[in-house]
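Number of protein chains: 2
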Amino acid sequence: MKAIGVDLGGTNIKAAVVDDKQGIVEQVTTPTRASLGKDFLLDRIAETVTGLVKNHEIIGIGLGLPGMVSKDQTTVKNPPNLPGWKEVNAAEEISTRTNLPCKVENDANIAALGSLHFGVGQQFESFIMITLGTGVGGGIIYDRKLFKGTQGMAGELGHVIIDYHGPLSNSVTRGTVEAYLGQRFLSRFASDLISQNPSNPLYEQFADNFDELEPLDLTNAANEGNDLAIEILAKSGQRLGYAIINYVHMMDIRKFVVGGGVAKAGDLLFEPAREIIDKHMMEPFKEGFELVYEDLGNESALLGASGLAFDSFS
Amino acid sequence: MKAIGVDLGGTNIKAAVVDDKQGIVEQVTTPTRASLGKDFLLDRIAETVTGLVKNHEIIGIGLGLPGMVSKDQTTVKNPPNLPGWKEVNAAEEISTRTNLPCKVENDANIAALGSLHFGVGQQFESFIMITLGTGVGGGIIYDRKLFKGTQGMAGELGHVIIDYHGPLSNSVTRGTVEAYLGQRFLSRFASDLISQNPSNPLYEQFADNFDELEPLDLTNAANEGNDLAIEILAKSGQRLGYAIINYVHMMDIRKFVVGGGVAKAGDLLFEPAREIIDKHMMEPFKEGFELVYEDLGNESALLGASGLAFDSFS
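Top line first, the protein sequences correspond to chains A and B.
Quick note on my numbering: the first sequence kicks off at 38 and runs consecutively.
Quick note on my numbering: the second sequence kicks off at 38 and runs consecutively.
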């Protein structure tokens, strides 16, 4: 069984023919050029898909994109980086142009579907996917289906508060897990601590250009034994732990799949998270609890988008 | 259509014949006497039910009790105040003794079912019930069904963290909403502030016996214009607001029904909660948001327990 997965990003449109067993069979990439307008972009997506379809039997299209997506997985509202897309029924627009059924979903939920269909999530009936990237995104899989809530916006995990006195993130909420673990916020937190420790090797490396400090630099330093980098990642992992306690106490879902660039720190983040969870999560919820790393690489979004099509049209 | 609702409390067993339209038709109360053991208590519940059944056509029994209840709503684990009840399939025990089908559910979920079937929750497809009592309990109604999570324990709303540096509650978690709004914790918070304000009338009233200060005393004082009481309840309401933001961002359920003794403060709590929500909840989640007070009175648990039977056996 084959579907088309499309990953609509700010820079590129990626599209692939995906087989539900073999994964990606054929793939193309083309520049997004969002500035040329909504119709141009929709035409471009449709052409890209049509080019892929001709040699395959395709059940439908899954399209991943940024922004909030309606509960029926057709319509996106105010997607960032797509000027002119106030509220667009992208599923219908693409379906009309390609003569194939289409569903859309936001990036964070697409990542969860990628894990469910092709990653470590395959083994779980229900799990929560946390993507630690520029922001902190979430997708909730409950009984092998995406949990969308009443209006389709469930799973804004990055905007769950763990300290209401805490720092602001990109949203109006204070002390959210994104305000601690979002890439920019984690870098800022690290810069603050490094600037107070001039004897640390990271000080010499970044004191003149803290803007260039990325979470990966911390991971590399920590792996070389840098105490301060280890401490910064541990503190961040603890905060992830508190957020996970909230998710579990709320929904009683006990499997966690964590991906995204910041998650490459692996156990430098996860072990401190597990320690906090062991200490502060209610005892009855611990049975069966798991926190695992996911890395489907660059193809994650294409695989997830095809998963949306498999769930919707097979 | 009629069902039996049973409310198994530490002091009394209450049971009622409940009509799905008219509400409670007939009701009895008998002492729990839990110290006489599990079998004695199960027999007693069954006898109470059997006495009620004879003049009615009954579809089944719903039993509300403290403790964590299995996903299939049959088995309770370690209920507080019921010695000897390590893990009991109470549904089967009662069903065998009465020849009627039976389901069990915990008190907080029962309160949500009460509101769904007989209270303000009737108007909502999905809502979250928060019970502000000795503890802070929660029940999640999603598409007119109880959301139980993977193992049946979803909705531990009182143990959702809003400040991980915050005070301990009855659980192992810090800075949970229960640690601020649970009756005892709210009284303690109030006592601290009152003890620093000797010119406030509440100081004279309670300085020698802060143990007797109850949330209702704060509500009464606030209604008489006592600034400090208003401030204490407002601060507590703000904390409730942060917790609600977490529930909404997580599950995208936008209707909130709040009951329990502490909720009698009404808008003294709710208005500050609404202000925090207006300020700190993400904009797209505000459409359709409602926070309403529920008071089904002393019969709430019986009505909710019968609702469990209606949902299970009709």
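Glycine included, every Cβ here is placed at the ideal spot set by N, Cα and C.
What are the boundary residues of the alpha helix (DSSP H) that includes residue 77(B)? Residue 77(B): member of the alpha helix (DSSP H) spanning 75-90, first to last residue.
Suppose only complete runs of 4+ residues qualify. What are the alpha helix (DSSP H) ranges in the region 149-186 of chain B, listed by chain order? As far as the region 149-186 of chain B is concerned, it has no whole alpha helix (DSSP H) run of at least 4 residues.
Whole beta strand (DSSP E) runs in the region 90-144 of chain A with 3 or more residues, listed along the chain? Annotation: the region 90-144 of chain A contains the following complete segments of the beta strand (DSSP E) (minimum length 3 residues), in chain order: 95-102, 112-114, 124-126 and 139-143.
According to DSSP, is residue 235(A) helix, strand or coil? In the three-state reduction of the DSSP assignment, residue 235(A) falls in the coil class.
Looking at the secondary structure, which residues open and close the alpha helix (DSSP H) in which residue 67(B) lies? Annotation: residue 67(B) is outside any alpha helix (DSSP H); the continuous beta strand (DSSP E) that includes it extends over 60-68.
Inter-residue Cα distance where the pair is residue 183(A) and residue 177(A): Taking the Cα positions, residue 183(A) is about 6 Å away from residue 177(A).
Using a Cβ-Cβ distance under 8 Å, would residue 316(B) count as near chain A? Cβ-Cβ to chain A under 8 Å: yes for residue 316(B).
Can you give the Cα-Cα distance for residue 132(B) and residue 141(B), rounded to whole angstroms? In this structure, the CA atom of residue 132(B) is about 11 Å from the CA atom of residue 141(B).
Would you verify that the beta carbon of residue 193(B) is, or is not, closer than 8 Å to some beta carbon of chain A? At least one CB atom of chain A sits nearer than 8 Å to the CB of residue 193(B).
Quick check on residue 51(A): does DSSP put it in helix, strand or coil? Strand.
DSSP beta-bridge partners for residue 330(A)? For residue 330(A), which the question treats as bridged, DSSP gives the partners 295(A).
Cα separation between residue 187(B) and residue 179(B)? Their Cα atoms are separated by approximately 15 Å.
Confirm, please, whether the CB-CB distance from residue 298(A) to residue 102(A) is below 8 Å. No Cβ-Cβ contact shorter than 8 Å links residue 102(A) with residue 298(A).
Whole angstroms is fine: what's the gap from residue 314(A)'s alpha carbon to residue 143(A)'s? Spanning the two alpha carbons is a distance of roughly 29 Å.
Jot down the residue ranges of each uninterrupted alpha helix (DSSP H) in the region 243-324 of chain A, minimum 4 residues, whole runs only, in chain order. Taking only runs of at least 4 residues, the alpha helix (DSSP H) segments lying wholly in the region 243-324 of chain A are 252-260, 264-288 and 304-317.
The alpha helix (DSSP H) spanning residue 348(A) covers which residue range? Looking at the DSSP string, the run of the alpha helix (DSSP H) that includes residue 348(A) is 337-350.
Check whether the region 44-58 of chain A and the region 342-350 of chain A are in contact - that is, three or more C-beta pairs closer than 8 Å. Short answer: they touch.
So, are the CB atoms of residue 199(A) and residue 128(A) less than 8 Å apart? Taking the C-beta atoms as reference points, residue 128(A) is found no nearer than 8 Å to residue 199(A).
Just by C-beta distance, which residues in the region 186-220 of chain A are closer than 8 Å to chain B? For the region 186-220 of chain A, which is checked against every Cβ of chain B, the residues closer than 8 Å are 186, 187, 188, 189, 190, 191, 192, 193, 194, 196, 197, 198, 199, 200, 201, 202, 208, 209, 210, 211 and 212.
Residue range of the alpha helix (DSSP H) that includes residue 218(B): It spans 215-218 - the alpha helix (DSSP H) in which residue 218(B) sits, taken as one unbroken run.
Is residue 240(B) close to chain A? Criterion is C-beta to C-beta, closer than 8 Å. No, its Cβ sits nowhere closer than 8 Å to a Cβ of chain A.
Since residue 126(B) meets chain A, which of its residues come closer than 7 Å, beta carbon to beta carbon? In chain order: nothing, as chain A lies at least about 17 Å away.
Partners in chain B for residue 311(A), counting only beta-carbon separations shorter than 8 Å: Under the 8 Å cutoff, chain B gives no residues; its nearest Cβ is about 15 Å from residue 311(A).
Excluding sequence positions up to five away, which residues of its chain have a Cβ less than 6 Å from the Cβ of residue 278(B)? Take residue 278(B), set aside five residues on each side of it, and the residues of its chain with a beta-carbon closer than 6 Å to its own are 310, 313 and 314, in chain order.
Please list, in chain order, the chain B residues whose beta carbon lies closer than 7 Å to that of residue 105(A). Listed along chain B, the residues sitting closer than 7 Å to residue 105(A) by beta-carbon distance are 321.
Can you tell me whether residue 66(A) is buried or exposed? The criterion is at least 16 other CB atoms within 10 Å of its CB, across all chains shown. Its Cβ having fewer than 16 others within 10 Å, residue 66(A) is exposed.
Collapsed DSSP secondary structure at residue 203(B) in the structure displayed: Of the three classes helix, strand and coil, the one that applies to residue 203(B) here is coil, per DSSP.
Please report whether the beta-carbon of residue 98(A) lies at a distance below 8 Å from any beta-carbon of chain B. Not one chain B Cβ lies under 8 Å of residue 98(A).
Can you name, in chain order, every residue of its own chain whose Cβ lies under 6 Å from the Cβ of residue 347(B), other than the five neighbours on each side? Result list for residue 347(B): 40 and 57, in chain order.
Mind the definition here: the region 147-155 of chain B touches the region 325-340 of chain B only if three or more C-beta pairs lie below 8 Å; say whether that holds. Here the region 147-155 of chain B lies against the region 325-340 of chain B, with 3 or more beta-carbon pairs under 8 Å apart.
Take residue 109(A) and list the residues in its own chain whose beta-carbon comes closer than 6 Å to its own, dropping the five residues that flank it on each side. Apart from sequence neighbours up to five positions away, no residue of its chain approaches residue 109(A) with a beta-carbon distance below 6 Å.
Nearest-angstrom Cα distance between residue 173(B) and residue 167(B)? Looking at the backbone, the Cα of residue 173(B) and that of residue 167(B) are separated by about 7 Å.
Would you say residue 154(B) faces chain A, with C-beta separation under 8 Å as the test? Interface flag for residue 154(B) against chain A is unset, since no Cβ pair is found closer than 8 Å.
Would you list the one or two residues that DSSP bridges to residue 40(A)? Beta-bridge pairing links residue 40(A) to 55(A).
Indicate whether residue 71(B) and residue 120(B) have their beta-carbon atoms separated by less than 8 Å. A distance below 8 Å separates the beta carbons of residue 71(B) and residue 120(B).
Is the beta carbon of residue 239(B) less than 8 Å from the beta carbon of residue 260(B)? Contact flag unset, no.
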